[in-house]
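First to last, the protein sequences are chains H and A.
Take the first sequence: its letters are residues 9 to 313, numbered as in my numbering.
Take the second sequence: its letters are residues 4 to 499, numbered as in my numbering.
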Amino acid sequence: MLLSVLLHGFACLAGPVLMVGMIQRTKAVFAGRRGPPLLQFVSDLLKLFRRGVVLSRTTSWVFLAGPVIGLVTAALALLLLPLGRHAAWLSFEGDFVLFACALGLGRFFTVAAALDTGSPFEGMGGAREVTLGALAEPALFMGFMVLARATDAGSLSDMLGGSMTAAWRESGASLTAIGLSWCLVLLAENARIPFDDPTTHLELTMIHEAMILDHTGPFLALIFLASSLRLFVFSLLLVGLVVPFGTLETPVSVLVALAGALAVALSIGIVESVLARLRLVQVPKLMVASVLMAAFGAVLLVGNA
Amino acid sequence: MTSLLTIRNGTAAPLRTIPILGAVEFAEAVVGAPARGRRVASLFALPWGTSRAPHLAVVLAHDDAGVLECGVTEIVGHRFASMTESCPEVHLFEREIAENWSVVPEGHPWLKPVRRWQTPNDTTTAEFFQMAGDEIHEVAVGPVHAGVIEPGHFRFQCHGEHVFHLEIALGYQHRGIEGALVGGPKKRTIHQIETLAGDTTIGHAIAYCQLIEALIEEPATARGRTLRAIALELERLANHVGDLGALAGDVGFLPTASFCGRLRGDLLNMTALLSGNRFGRGLVRPTGVALDCEPARGQMLLERLHAAARDIEDAVSLLWTSPSVMSRFEEVGRVTTATARSLGLVGPAARASGLARDVRAHHAGDFFGASPFDLVTNEAGDVFSRAYVRWLETRWALDFVRARLLGLPDGPIRARENVPSTLGASLFAVSLVEGWRGEICHVAATDDGGRFLAYKVVDPSFHNWMGLQMALRDQQISDFPLCNKSFNLSYCGHDL
Numbered sequence: 009m010l011l012s013v014l015l016h017g018f019a020c021l022a023g024p025v026l027m028v029g030m031i032q033r034t035k036a037v038f039a040g041r042r043g044p045p046l047l048q049f050v051s052d053l054l055k056l057f058r059r060g061v062v063l064s065r066t067t068s069w070v071f072l073a074g075p076v077i078g079l080v081t082a083a084l085a086l087l088l089l090p091l092g093r094h095a096a097w098l099s100f101e102g103d104f105v106l107f108a109c110a111l112g113l114g115r116f117f118t119v120a121a122a123l124d125t126g127s128p129f130e131g132m133g134g135a136r137e138v139t140l141g142a143l144a145e146p147a148l149f150m151g152f153m154v155l156a157r158a159t160d161a162g163s164l165s166d167m168l169g170g171s172m173t174a175a176w177r178e179s180g181a182s183l184t185a186i187g188l189s190w191c192l193v194l195l196a197e198n199a200r201i202p203f204d205d206p207t208t209h210l211e212l213t214m215i216h217e218a219m220i221l222d223h224t225g226p227f228l229a230l231i232f233l234a235s236s237l238r239l240f241v242f243s244l245l246l247v248g249l250v251v252p253f254g255t256l257e258t259p260v261s262v263l264v265a266l267a268g269a270l271a272v273a274l275s276i277g278i279v280e281s282v283l284a285r286l287r288l289v290q291v292p293k294l295m296v297a298s299v300l301m302a303a304f305g306a307v308l309l310v311g312n313a
Numbered sequence: 004m005t006s007l008l009t010i011r012n013g014t015a016a017p018l019r020t021i022p023i024l025g026a027v028e029f030a031e032a033v034v035g036a037p038a039r040g041r042r043v044a045s046l047f048a049l050p051w052g053t054s055r056a057p058h059l060a061v062v063l064a065h066d067d068a069g070v071l072e073c074g075v076t077e078i079v080g081h082r083f084a085s086m087t088e089s090c091p092e093v094h095l096f097e098r099e100i101a102e103n104w105s106v107v108p109e110g111h112p113w114l115k116p117v118r119r120w121q122t123p124n125d126t127t128t129a130e131f132f133q134m135a136g137d138e139i140h141e142v143a144v145g146p147v148h149a150g151v152i153e154p155g156h157f158r159f160q161c162h163g164e165h166v167f168h169l170e171i172a173l174g175y176q177h178r179g180i181e182g183a184l185v186g187g188p189k190k191r192t193i194h195q196i197e198t199l200a201g202d203t204t205i206g207h208a209i210a211y212c213q214l215i216e217a218l219i220e221e222p223a224t225a226r227g228r229t230l231r232a233i234a235l236e237l238e239r240l241a242n243h244v245g246d247l248g249a250l251a252g253d254v255g256f257l258p259t260a261s262f263c264g265r266l267r268g269d270l271l272n273m274t275a276l277l278s279g280n281r282f283g284r285g286l287v288r289p290t291g292v293a294l295d296c297e298p299a300r301g302q303m304l305l306e307r308l309h310a311a312a313r314d315i316e317d318a319v320s321l322l323w324t325s326p327s328v329m330s331r332f333e334e335v336g337r338v339t340t341a342t343a344r345s346l347g348l349v350g351p352a353a354r355a356s357g358l359a360r361d362v363r364a365h366h367a368g369d370f371f372g373a374s375p376f377d378l379v380t381n382e383a384g385d386v387f388s389r390a391y392v393r394w395l396e397t398r399w400a401l402d403f404v405r406a407r408l409l410g411l412p413d414g415p416i417r418a419r420e421n422v423p424s425t426l427g428a429s430l431f432a433v434s435l436v437e438g439w440r441g442e443i444c445h446v447a448a449t450d451d452g453g454r455f456l457a458y459k460v461v462d463p464s465f466h467n468w469m470g471l472q473m474a475l476r477d478q479q480i481s482d483f484p485l486c487n488k489s490f491n492l493s494y495c496g497h498d499l
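This is how it looks when you write it as structure tokens:
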């Protein structure tokens with residue numbers, strides 16, 4: 009039991025950092041470069057924490073609250089997620105509603121902080137982010153609905169833990185649809201290609217990056233940290249859905265989940281290396297496809313029962 | 004009706020042979036140029052006669068005949084009738100003349116500064132075009148940008164993501180080069196020319212040297228000309244390959260972006276192998292080139308070129324076979340053939356809109372030796388078209404450089420070591436070169452002491468910036484960086 013707790017704690021700390029490093033490495037290999045060290049992200053964060061902060065006179069407390077609330081809500085979401093068969097730190101009936109609301113709250117404050125600067129870029133980024141979020145959230149919720157129904161469970165720990173193995177046998181078709189839908193949600197929510205280009209310096213094309221253009225130093229570090237947590241959270245969600253932990257020993261299943269998250273990072277790296285970004289007008293269309301896919305999963309399940 | 008003086012590219016004529024037209028006759032010649040298959044290569048004010056009063060001078064390029072036509076007219080009472088409304092391609096030229104000479108082109112629809120934003124006796128306005136209405140908003144970008152690029156200010160009139168109008172304001176890099184060249188050639192002139200636009204060092208240097216050769220009536224040697232052509236095409240290769248990579252980067256397509264970045268470096272290093280400088284500074288000099296390409300060096304260049312050609316083919320072909328890239332390139336930033344013609348676009352941007360304009364095809368003489376020249380055009384006028392024209396030109400240039408390296412003529416690399424400090428007196432000369440961005444036009448007039456009376460430089464960017472503004476009409480604002488890169492215009496070449 010203690011071993012599982014320790015492993016769970018380790019995975020939550022190391023997972024986000026390793027995922028970022030993994031994506032960078034994968035892209036570097038595809039580009040024919042050696043790439044930065046695996047833990048470069050940590051050095052970047054430490055560097056940012058040592059830096060000063062420049063604040064525009066037009067901003068208010070909202071501008072500073074954005075990064076803080078973004079990080080807190082992402083951490084809360086992580087606390088609500090089980091790792092492998094090891095239950096979440098915080099678990100209760102209907103906790104997935106809190107999970108989705110926490111992420112939604114984080115988005116709201118990130119956008120509010122962006123609007124607070126009054127810059128046209130940030131406003132544009134905020135508008136795009138909200139458009140994307142309005143379509144990603146239904147897909148997420150519809151997925152939870154199907155999962156709750158298929159596993160007959162009310163909390164994330166019960167849904168994504170061991171009971172998923174049986175659910176795949178019962179309603180594999182619905183879960184496949186949800187899995188595909190969540191893949192798109194994962195890429196969209198984390199500002200990855202084909203939805204957004206996290207490495208671009210072109211303000212006019214940015215979505216997520218445009219909203220954080222005015223943040224500096226420690227506040228930028230908080231944003232980066234929150235982004236890595238969100239990436240880890242969404243990957244765990246996907247891993248919990250598709251990996252049948254079944255009867256694995258709990259400590260082993262925690263490690264399997266971590267490995268799964270790294271595999272997701274590898275896949276993201278590959279996707280970003282072989283695909284170009286979508287034209288911005290096409291992005292909502294792909295998100296609608298994600299919602300429809302999730303709805304299709306729900307319909308299949310209802311038909312099943 | 005053509006009472007204009009006809010000369011060829013890279014030749015000089017006595018100033019007194021240029022006909023002085025009446026204002027109406029002059030305007031007819033300029034406005035009627037597009038209909039008669041001519042286009043405006045340069046329009047500027049030339050100090051004329053003993054009074055040095057500014058006269059309007061025009062150089063029209065007649066591509067089909069391979070000749071240039073020149074004429075001047077007097078500017079009476081500091082004003083002349085604007086020709087922009089009936090001939091949009093002179094729009095920026097007229098603004099430039101108004102700014103430099105304090106004359107008024109009467110009836111100009113959008114008279115505002117080109118480069119100097121605080122002119123002493125300001126009769127013009129620096130206001131931007133603005134739209135009004137619910138939910139219409141304005142986005143201002145620059146002159147300080149997020150990347151390390153040149154300064155320029157972009158003003159978008161938007162409705163959500165939709166761009167109705169883009170206006171570009173430049174001039175932040177204005178150094179007053181044209182003014183500094185008057186009274187030359189001096190010792191530093193060639194160096195000033197090489198830094199007109201750093202990425203077009205070879206192109207501008209060749210244009211200048213052709214001009215000097217015309218003014219001293221001493222042509223470049225055969226070997227010198229061939230080495231110039233090789234350097235010019237290497238410059239084109241480096242920039243086209245770099246642009247294709249940057250276009251891939253703008254749509255987030257990693258493989259081509261990263262490999263082309265490296266390949267551009269390899270190609271610049273080939274120029275460095277020829278001249279010791281990655282941009283080719285110090286290579287092109289009047290009557291030839293300053294540095295020879297010995298057989299061993301030529302062999303090394305061939306080997307490097309062979310390796311680069313293979314990698315370029317691999318990296319760039321990925322673009323055309325990736326649907327995700329093609330869906331970003333196609334039907335974005337379209338400039339129709341009619342728009343391109345009326346704006347007087349040049350270079351790959353013009354050819355991508357279906358205009359067969361290339362100095363190498365029409366005004367190059369024997370610059371390219373025996374190699375057949377492919378004039379590449381594409382009708383679509385979108386980002387894809389501009390990228391694909393670059394790619395076809397890249398392929399041709401690779402073959403051309405290899406063929407020329409194998410067939411280098413023997414003989415001296417330049418006819419004379421030093422340029423005389425005085426040129427032929429009272430002459431007028433025009434020199435055109437197809438740089439990688441398009442037509443580079445240098446025009447010079449000498450005074451009776453054989454010094455530059457006026458020196459006019461037209462960088463291809465000067466013609467094409469308006470094309471970018473038109474390409475953005477009714478586009479998504481998020482596609483601007485892609486459209487911008489597909490033109491890849493020079494700021495300092497425009498600002499001079």
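The beta carbon of each residue, even a glycine, is placed where N, CA and C say it ideally should be.
The model shown is predicted, which means the values in this text are computed figures rather than measured ones.
Item                                                                                                                                                                   : Value
Are Ala303 (chain H) and Met150 (chain H) closer than 7 Å when you measure CB to CB?                                                                                   : yes
Just verifying my parser: in three-state terms, what is the DSSP assignment at Arg158 (chain A)?                                                                       : strand
Do Met301 (chain H) and Leu188 (chain H) have their CB atoms nearer than 7 Å?                                                                                          : yes
Listing by chain order, which chain A residues have their CB less than 8 Å from the CB of Gly102 (chain H)?                                                            : The premise fails here: Gly102 (chain H) is roughly 37 Å from chain A at the closest Cβ pair, so nothing lies under 8 Å.
Would you give the residue range spanned by the beta strand (DSSP E) that Thr9 (chain A) belongs to?                                                                   : 8-10
If the criterion is Cβ atoms closer than 7 Å, does the pair Gly357 (chain A) and Thr380 (chain A) meet it?                                                             : yes
Between the C-alpha atoms of Phe167 (chain A) and Gln133 (chain A), what's the straight-line distance to the nearest angstrom?                                         : 10 Å
Could you tell me which of A:Val70, A:Gly69, A:Val106 sits nearest to Ala84 (chain A), measuring between CA atoms?                                                     : A:Val106
For Asp52 (chain H), which residues in chain A fall below 8 Å Cβ to Cβ?                                                                                                : Per Cβ cutoff of 8 Å: no residues; Asp52 (chain H) is ~18 Å from chain A at best.
Grab me the residues of Gly496 (chain A)'s own chain with a C-beta within less than 7 Å of its C-beta, minus the 5 sequence neighbours each way, in chain order.       : Leu199, Ala200, Thr203, Asp462, Ser464
Give me the subset of the stretch 117-147 of chain H whose CB atoms are less than 9 Å from a CB atom of chain A, sorted by chain position.                             : Pro128, Phe129, Gly131, Met132, Ala135, Arg136
Give a yes or no on whether 7 Å exceeds the smallest Cβ distance from Gly255 (chain A) to chain H.                                                                     : yes
Taking 7 Å as the CB-CB cut-off, is Val33 (chain A) touching chain H?                                                                                                  : no
Under a three-way DSSP split, which group does Pro90 (chain H) fall into?                                                                                              : coil
Strictly under 7 Å for the Cβ-Cβ distance: is Glu315 (chain H) near chain A by that measure?                                                                           : Within the shown structure, residues of chain H are numbered from 9 to 313, placing residue 315 (chain H) beyond reach of any answer.
Determine, for Lys488 (chain A), whether the minimum Cβ-Cβ distance to residues of chain H falls below 7 Å.                                                            : no
Is DSSP giving Tyr175 (chain A) helix, strand or coil here?                                                                                                            : coil
For chain H, is any of its Cβ atoms less than 7 Å away from the one on Ser261 (chain A)?                                                                               : yes
Pick helix, strand or coil for His148 (chain A), following the three-state DSSP scheme.                                                                                : coil
Does any residue of chain A have a CB that is nearer than 7 Å to the CB of Ala158 (chain H)?                                                                           : no
So, is His94 (chain H) buried or exposed, given that buried needs 16 or more other C-beta atoms within 10 angstroms?                                                   : buried
Which parts of the stretch 440-497 of chain A are runs of the alpha helix (DSSP H), unbroken and 4 residues or longer, counting only runs that do not cross its ends?  : 463-474, 483-490
Kindly say whether Val289 (chain H), judged by its beta-carbon, lies nearer than 7 Å to any beta-carbon of chain A.                                                    : yes
In chain A, which residues lie with their C-beta within 7 Å of the C-beta of Lys35 (chain H)?                                                                          : Leu257
Using only the alpha-carbon positions, how far apart do Val119 (chain H) and Arg228 (chain A) sit?                                                                     : 60 Å
Taking C-beta pairs closer than 7 Å, name the residues in chain H that Gly150 (chain A) reaches, listed in chain order.                                                : His209
Hey, out of A:His309, A:Ser434, A:Asp295, whose CA is closest to Leu266 (chain A)'s CA?                                                                                : A:His309
Rank H:Pro206, H:Cys20, H:Gly114, H:Ser261 by C-alpha distance to the C-alpha of Leu168 (chain H) and give the top, closest one.                                       : H:Ser261
Along the stretch 470-482 of chain A, where does the CB come closer than 9 Å to a CB of chain H? Name the residues.                                                    : Gln479, Ile480, Ser481, Asp482
For Ser89 (chain A) and Ala38 (chain A), what's the separation of their Cα atoms in angstroms?                                                                         : 11 Å
Along the chain, where does the alpha helix (DSSP H) that runs through Leu435 (chain A) open and close?                                                                : From DSSP, Leu435 (chain A) is part of no alpha helix (DSSP H) but of the beta strand (DSSP E) over 430-437.
Is Thr14 (chain A) helix, strand or coil when you go by DSSP?                                                                                                          : strand
Take the Cβ of Ala142 (chain H) as the centre, count every other Cβ of all protein chains shown within 10 Å, and call the residue buried at 16 or more, exposed below. : exposed
Any idea what DSSP makes of Gly102 (chain H), helix, strand or coil?                                                                                                   : coil
With a Cβ-Cβ cutoff of 7 Å, do Ala521 (chain A) and Glu236 (chain A) count as a contact?                                                                               : With chain A running from 4 to 499 in the structure shown, residue 521 (chain A) is simply not present.
Going along chain A, which residues have a C-beta under 7 Å from Asp205 (chain H)?                                                                                     : Gly255
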